[in-house]
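Numbering (my numbering), first residue to last: 77 to 519. Note that CB positions come from ideal geometry on N, CA and C, so glycine has one too.
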């Protein structure tokens with residue numbers, strides 16, 4: 077189904093919901109393109125008229141209708157992707173053959189052997205995935221990422237240069253990192269993004285170069301980024317309703333994000349991952365609509381539990397848990413089934429029977445996945461953060477600028493990794509933990 081249809085459907089559903097409920101405190105729907113509303117002083121919506129985006133179907137949209145998979149002969153119902161047991165109430169399905177495949181076992185044994193002691197923590201977890209924040213700047217102002225009053229940005233002199241990024245990344249890759257994800261802020265606004273991609277992709281041993289983007293200016297850069305070596309992509313989209321988009325991001329640009337998703341599909345990114353932070357009272361009424369966009373598109377919608385970071389006014393009442401989301405989806409799509417997960421996956425992965433795309437859940441708050449964590453974060457200011465939720469950081473920028481030899485830099489990294497805790501403190505303790513805003517850490 078076309079974006080225009082789903083945007084219209086979601087907007088109209090939001091209209092029906094909002095005419096009988098109150099808008100979130102402090103929010104108004106004034107002058108939004110695509111959707112207009114009249115809001116009274118108390119915040120209750122008196123009138124809400126939704127208009128679909130006037131977006132012409134892209135040629136890629138026409139070509140993908142009915143297509144099963146660009147890069148595989150497997151059909152969506154392929155038996156070898158299913159698990160045997162019933163999971164969280166999902167109907168039992170036939171057993172997976174992946175684990176029994178010697179090639180699968182051998183490949184992952186080889187991957188594990190590549191990771192040096194430098195990247196193995198005191199709990200035996202091997203870290204082969206590095207997330208690099210390229211900038212603290214962003215062209216959106218999402219509520220869960222940036223405080224309403226903004227954040228103090230690090231001076232340019234305090235940020236990693238292109239040369240420093242490559243130097244530090246090469247140390248990690250030599251130690252066993254085989255996947256790097258570029259984040260921000262918004263990584264696509266960095267002027268040297270293509271050169272960074274090209275240099276990273278040339279590092280021996282790096283297998284995957286990914287990026288997480290808000291999609292606002294991505295469409296016009298994506299072809300060149302792919303040519304430079306980018307081969308995996310996540311695009312953030314928290315709503316299919318244009319008015320809600322402006323509410324959540326404090327900026328316009330909903331149609332540009334949809335265009336970037338279409339461009340990515342047209343260029344063959346498979347799948348295009350769509351990150352959706354679910355917040356009660358804001359976009360939890362769109363869960364089913366997001367599932368539906370996976371019907372005939374190679375999209376992996378990733379529902380993310382709302383997480384606490386400095387300045388995002390986290391409240392447990394806003395949290396929509398994985399179990400609650402799954403219950404909602406199963407009522408509408410009883411044929412949904414669990415897909416095989418890799419041990420280091422942060423997501424629980426599912427597919428609706430017969431659908432081309434998939435849906436996943438990032439359950440950081442209610443069912444943490446710390447025991448299989450293989451991720452490290454390098455922030456734009458050069459600080460290494462071994463746990464997303466932990467306050468501990470060590471400056472690799474200062475280490476590099478002090479003239480450290482390679483062996484000394486490796487030791488600094490190793491010491492930081494060894495101090496990584498077995499698990500984060502838990503949902504309610506995290507809300508009281510001193511941490512940075514998400515835009516500083518890197519999404």
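{"Query": "Do residue 412 and residue 427 have their beta-carbon atoms positioned less than 8 Å apart in this structure?", "Result": "yes"}
{"Query": "In this structure, how does DSSP classify residue 238 when only helix, strand and coil are distinguished?", "Result": "helix"}
{"Query": "Among the residues of its own chain, which have a CB less than 8 Å from the CB of residue 474, if the five just before and after it don't count?", "Result": "458"}
{"Query": "Name, in chain order, the residues that DSSP records as bridge partners for residue 381.", "Result": "354"}
{"Query": "Which same chain residues, not among the five before or five after residue 284, have their C-beta less than 8 Å away from its C-beta?", "Result": "254, 255, 256, 307, 308"}
{"Query": "So, residue 264 versus residue 235, is the Cβ gap smaller than 8 Å?", "Result": "no"}
{"Query": "Let's test the definition: count the other Cβ atoms within 10 Å of the Cβ of residue 219 and tell me whether it reaches 16, buried, or not, exposed.", "Result": "buried"}
{"Query": "Go to residue 437, then tell me how far its beta strand (DSSP E) extends in each direction, as first and last residue.", "Result": "434-438"}
{"Query": "With distances taken from CA atoms, which of 304, 259, 260, 366 is nearest residue 277?", "Result": "304"}
{"Query": "Would you kindly work out how many angstroms separate the C-alpha atoms of residue 161 and residue 424, rounded to a whole number?", "Result": "Because residue 161 sits at a pLDDT of 35, beneath the cut-off of 50, its placement in the model cannot be relied upon, and the following sentence gives the value as read from the coordinates. Distance between the alpha carbons of residue 161 and residue 424 is about 14 Å."}
{"Query": "Residue 227 by DSSP, collapsed to three states: which one?", "Result": "coil"}
{"Query": "Along the chain, where does the beta strand (DSSP E) that runs through residue 459 open and close?", "Result": "459-461"}
{"Query": "Tell me which same chain residues have a C-beta within less than 6 Å of the C-beta of residue 203, skipping the five on either side of it?", "Result": "195, 450, 452"}
{"Query": "Could you tell me the distance, in whole angstroms, from the CA atom of residue 499 to the CA atom of residue 447?", "Result": "7 Å"}
{"Query": "Got a sec? Which residues, its chain only, sit under 6 Å from residue 240 by beta carbon, not counting five neighbours each side?", "Result": "476"}
{"Query": "Which residues in the same chain have their Cβ closer than 6 Å to the Cβ of residue 333, if we skip the five residues on either side of it in sequence?", "Result": "291, 313"}
{"Query": "Classify residue 481: buried if its beta carbon has 16 or more other beta carbons within 10 angstroms, exposed otherwise.", "Result": "exposed"}
{"Query": "Would you list the one or two residues that DSSP bridges to residue 452?", "Result": "206"}
{"Query": "Measuring only the C-alpha atoms, how far is residue 403 from residue 311?", "Result": "25 Å"}
{"Query": "Go to residue 405, then tell me how far its alpha helix (DSSP H) extends in each direction, as first and last residue.", "Result": "398-408"}
{"Query": "Go to residue 428, then tell me how far its beta strand (DSSP E) extends in each direction, as first and last residue.", "Result": "423-428"}
{"Query": "Within 10 Å of its beta-carbon, does residue 320 have 16 or more other beta-carbons around it, so buried, or fewer, so exposed?", "Result": "buried"}
{"Query": "Taking the alpha-carbon of residue 211 as reference, which of 492, 401, 359, 228 has the nearest alpha-carbon?", "Result": "228"}
{"Query": "For residue 484, is the classification buried or exposed, using 16 other Cβ atoms within 10 angstroms of its Cβ as the cut-off for buried?", "Result": "exposed"}
{"Query": "Span of the beta strand (DSSP E) holding residue 308?", "Result": "308-312"}
{"Query": "Is the beta carbon of residue 370 closer than 8 Å to that of residue 434?", "Result": "yes"}
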